[in-house]
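Residue numbers (the numbering used here): 290 to 416.
Note that beta-carbon positions come from the ideal geometry of N, C-alpha and C, so glycine has one too.
Okay, so here's the structure we're looking at.
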Amino acid sequence: MAFFEMVKTALKTVVRRPVTILYPAEAAKKTPLTRGHVTIDESRCISCGTCQRKCPAQAIVISKEAKTWQIDRLRCVVCNSCVDTCPVKCLVMDTQYSSPVTARSVEIVTITYVKPPKPEKKDEPKQ
Ligand code: SF4
Ligand code: SF4
């Protein structure tokens, strides 16, 4: 009986369309929830370091002194933790997959955020 079950399954598989695609020759199916790669809006990053602390793969390194945000795409497991915890929401999970790489390369972004000046205190009129 097991033999016939196996033959039935094999025959079904032969006539059915493949459930996989020939990625990357064929474009992968994407939805709004697809996790492609993390992107940053460097003009809004306040160098707080939360993303670095929350990253389980140690893929992100922040340097307050050099004003840089860097990511190692080979380390990133695309968990979305950095995107979820960034307090100013300057990280976004893009639905496009990043290009395949064969060697470790770290992407470095220069943070261009400028802290707005504190509003001047108005002198209270003396009574
Ligand atoms: S998506 Fe996850 S693994 Fe990738 S950089 Fe963000 S926190 Fe780290
Ligand atoms: S990307 Fe967001 S969480 Fe990371 S250092 Fe900048 S502001 Fe903080």
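Asked, Found
"Simplified DSSP state of Leu380, which is helix, strand or coil", "strand"
"C-alpha gap between Val302 and Gln341, whole angstroms", "With the sequence shown as reference, residue 302 is identified as Thr, and Val is not the correct amino acid for it. One C-alpha to the other measures close to 46 Å."
"Span separating the alpha-carbon of Ser334 from that of Pro389", "For clarity, residue 334 is Cys in the given sequence; the question names Ser instead. Cα to Cα, the separation comes out at about 27 Å."
"Status (buried if at least 16 other CB within 10 Å, exposed otherwise) for Ile397", "exposed"
"Residue nearest to Cys337 in terms of C-alpha spacing, selected from Lys410, Phe292, Lys404 and Lys411", "Lys404"
"Ser352 Cβ short of 7 Å to ligand 2 heavy atom set", "no"
"Proximity test, Thr339 beta-carbon vs ligand 2 heavy atom, cut-off 7 Å", "yes"
"Beta strand (DSSP E) segment containing Glu294, residue limits", "Segment Ala291 to Val304 is the alpha helix (DSSP H) holding Glu294; no beta strand (DSSP E) there."
"Residues near Asp330 in its chain [Cβ-Cβ closer than 6 Å; skip 5 each side]", "Cys379"
"Nonlocal neighbours in the same chain, by C-beta distance under 8 Å from Lys353, ignoring five residues either side", "Ser336 and Gly338"
"Among Thr309, Val304, Met295 and Thr320, the one whose alpha carbon lies nearest that of Met382", "Thr320"
"DSSP-derived helix/strand/coil call for Thr399", "strand"
"Gln359 - containing beta strand (DSSP E), residue span", "Thr357 to Asp361"
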